[in-house]
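Down below is the structure, laid out as structure tokens.
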Amino acid sequence: MKCEEALMKIDDYINDSLSFKETEEFLEHVRGCPECYDELEIYFTIYMGMKYLEEEKLETYNIPQMLKNDMMEKERAIRRRKLLAGTLFAFCLIFGVGIAISLMLYLGHIELPKLL
Ligand SMILES: [Zn+2]
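When you read off a place in the sequence shown, starting at 1, and then add 593, the result is the number in the numbering used here.
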């Protein structure tokens, strides 16, 4: 992802309207690009500041830390989703191979090795 693209997605990131794939690419870029990270932090601070003003929460918040937590939370969600997808894929594969073997056995295309 290029900087211009990342900068355009800051708004969507903060509003949680990026897809998993977009979020992943966005986070990957921002992790490695201090300029875009700074930009994200500024937008995030403004967004959170306005939100808290609206909600009249007057305690002080560590907004840069909240952004770090938010990014970690989203990265964790992406990892969980990938793990789940990997597990499902493995299950489907095993299941599929099992079906294929049963089918071939049934149709007589392969024979099981005789044990005696
Ligand atoms: Zn950048």
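Cβ atoms here follow ideal geometry from the backbone N, Cα and C, with glycine treated the same way.
Apart from the five residues on each side of it in sequence, which residues of its chain come closer than 7 Å, Cβ to Cβ, to residue i?
i: L620; result: M664, K667 and E668
i: L611; result: K602, D605 and F619
i: E710; result: Limits of the chain in this structure are 594 at one end and 709 at the other, which puts residue 710 out of reach.
Can you find the residues in the same chain that come closer than 8 Å, C-beta to C-beta, to residue i, ignoring five residues on each side of it along the sequence?
i: Y636; result: I603, D604 and I607
i: L600; result: C629 and E632
i: Y654; result: M641 and Y645
Out of curiosity, what's the CA-to-CA distance linking residue i and residue j?
i: C629; j: K675; result: 25 Å
i: I639; j: C626; result: 20 Å
i: M641; j: F613; result: 22 Å
i: I671; j: Q658; result: 20 Å
Quick one: grab the DSSP three-state call for residue i.
i: M594; result: coil
i: E628; result: helix
i: I635; result: helix
i: E704; result: coil
Just to confirm the assignment, what range does the alpha helix (DSSP H) spanning residue i have?
i: I656; result: I656 to L700
i: E648; result: Counting along the chain, E648 falls outside any alpha helix (DSSP H), and DSSP gives it neither H nor E.
May I ask whether a heavy atom of ligand 1 can be found less than 7 Å away from the beta carbon of residue i?
i: E628; result: yes
i: C685; result: no
i: H702; result: no
i: A670; result: no
i: A599; result: yes
Considering only residues of the same chain and omitting the five flanking positions on each side of residue i, which have a CB-CB separation below 6 Å?
i: L633; result: I603 and V623
i: I703; result: M697
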